[in-house]
Amino acid sequence: MKIAELDTPVLLVDEAALDRNIARLKDMTEAANIAYRPHTKTHKSVVIAEKQIAAGAIGICCAKLGEAEVMAANGIDKILITTAVVGESKISRLMQARTQSHISVVADNEDNIAMLGSIAQLSGMKLDVLIEVDIGQARSGVPPGPEAARLARLVKNHGWLNFAGLQGYQGRIQMTVDADERRSANETGLDKLAATIAAAEKEGLNVVIRTGGGTGTSPFDLDRGLLTEIQTGSYVFMDSRYAGIGWPGANAPPFENSLHIWAAVVSKPVPDRAIIDAGLKAASNDHGPPLVADIDGCVFEYGGDEHGILCMADGGEVPLEVGDKLRLIPSHCDTTVNLYDQYMVVQDDDVVDVWSIDARGRVQ
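Take the sequence shown: its letters are residues 59 to 422, numbered as in this note's numbering.
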């Protein structure tokens, strides 16, 4: 099948560009002698996770237990759940998934640690736990320093838990446009993590895993060398927000946009306005509207749940007619992916495969 034959809207993945992105990160991490554990919250795909592991990833990250359950059921091993799993029901599910894959989890609360240990004991399997440290995100995580070391000691002393390490992540700085500003903020956060590592080691704890970072901070995380692994996610697809950030020695990251929305013109009521079949239900808007690819000066705006409106920045006629198809570059790959059930995998003008978005909607 040719791309032009596809019904719209649909997600396209350029497999060659995707593979180049995966290979590029492998080269970067190998050069720094730091491991990478990519985040599946971006793509939610078993096939892509398998590609990343085949290229040298030591495992994967999942943002939610539901994602981890899907990955474990499909043979993906060495999973880190990067948000706390809280409550008897969810921890019981965690330990069930633990029978299929080696799964570790973060915690930042004494009661949660106690329940993790109790249910691990009931299941008869030890569980690896990392303490999450707030190094600047101001979301979850204990304050840096002694409190994190105290919780790590609680994990260490529990007979059914293993203290695996520390997690420190700053999502809010990943898309800071200025590279120097992003580096400075990242160094401040890593200094807090370093102080926490020192506090834990002072208590006689061995901090084997030091995990965090993301696509935007990856060059600085690799330069610093404090982390033992980085949690890059968006690098496989990129999006218009990430494409706009600076990079050391360059104006943009060394990764390509491999993900597009394929849409069609369904109406052209006047020459200077074309209506397409991709609106809020086809392209997430949390980071702004998508960009129109391949048509200079063409601007997208949301026209409702099912429609997008295309105009030219100079007010001229839109060079498209009813039935024409076009690519959009998502502004945020993670949230756009979660709107779809599958990827149409393309090479040049051909559709070569279909991949399921296996963990789509797994938000529990």
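Here a beta-carbon is modelled for each residue, glycine too, at the ideal position from N, C-alpha and C.
Those residues which DSSP pairs with residue i across a bridge
| i | result |
| --- | --- |
| A165 | I189 |
| M402 | L70, V412 |
| Y360 | G366 |
| W305 | A308 |
| H101 | Answer by DSSP bridge pairing: none, since H101 is not bridged. |
| L317 | V71 |
Alpha-carbon spacing of residue i relative to residue j, whole angstroms
| i | j | result |
| --- | --- | --- |
| P306 | M153 | 42 Å |
| G302 | R241 | 16 Å |
| V357 | W218 | 56 Å |
| G117 | D135 | 6 Å |
| P347 | E261 | 49 Å |
| I161 | M59 | 39 Å |
| D354 | T140 | 40 Å |
| N170 | V144 | 6 Å |
| R299 | A207 | 36 Å |
| R282 | I193 | 15 Å |
| E399 | L76 | Sequence check: residue 399 is Asp here, not Glu. Between D399 and L76, the C-alpha separation is close to 19 Å. |
| A243 | R230 | 10 Å |
| H365 | A336 | 5 Å |
| S150 | I177 | 7 Å |
| H216 | G175 | 7 Å |
| K102 | I111 | 14 Å |
| S342 | T393 | 6 Å |
| I80 | T290 | 11 Å |
| L180 | P202 | 32 Å |
| T286 | V410 | 37 Å |
| G304 | D279 | 15 Å |
| P327 | E379 | 10 Å |
| S147 | L338 | 34 Å |
| L263 | R420 | 35 Å |
| V395 | T100 | 7 Å |
| I61 | V71 | 11 Å |
| E125 | R78 | 25 Å |
| N132 | Q158 | 9 Å |
| A172 | F221 | 13 Å |
| C120 | Y401 | 19 Å |
| A142 | M183 | 19 Å |
| L209 | A113 | 35 Å |
Cβ-Cβ separation, residue j to residue i (assumed contact under 8 Å), whole Å
| i | j | result |
| --- | --- | --- |
| E190 | Q225 | 5 Å |
| V323 | D382 | 5 Å |
| L384 | V412 | Not a contact, Cβ separation roughly 21 Å. |
| A155 | E127 | 5 Å |
| Q405 | E73 | 6 Å |
| V266 | G199 | Between G199 and V266 the Cβ distance is about 19 Å, and since that is not below 8 Å, they are no contact. |
| L185 | V163 | 7 Å |
For residue i, the three-state DSSP class (helix, strand or coil)
| i | result |
| --- | --- |
| I134 | coil |
| P329 | coil |
| L212 | helix |
| A310 | coil |
| T140 | coil |
| G274 | coil |
| A322 | strand |
| D344 | strand |
| L426 | With the chain running from 59 to 422 in the structure shown, residue 426 is simply not present. |
| Q154 | helix |
| A422 | Inspection of the sequence shows that residue 422 is occupied by Gln rather than by Ala. The answer is coil: DSSP assigns Q422 none of H, G, I, E or B. |
| I267 | strand |
| P378 | Looking at the sequence shown, residue 378 is not Pro but Leu. Residue state, collapsed to three classes: coil. |
| R78 | helix |
| Q225 | strand |
| P350 | Just to set this straight, residue 350 is Val in the shown sequence, not Pro. Here V350 sits in strand by DSSP. |
| K15 | Given a span of 59 to 422 for the chain in the structure shown, any question on residue 15 remains unanswerable. |
| K383 | strand |
| I92 | coil |
State whether the segment 302-313 contacts the segment 375-394, with contact taken as three or more CB pairs (one from each stretch) at a distance under 8 Å. no
Tell me whether the segment 319-327 and the segment 290-303 touch, counting them as touching only if at least three CB pairs, one residue from each stretch, are closer than 8 Å. no
Using 8 Å as the Cβ pair cut-off and three pairs as the minimum, do the segment 268-276 and the segment 244-257 touch? yes
Three or more C-beta pairs below 8 Å linking the segment 72-86 and the segment 94-109: yes
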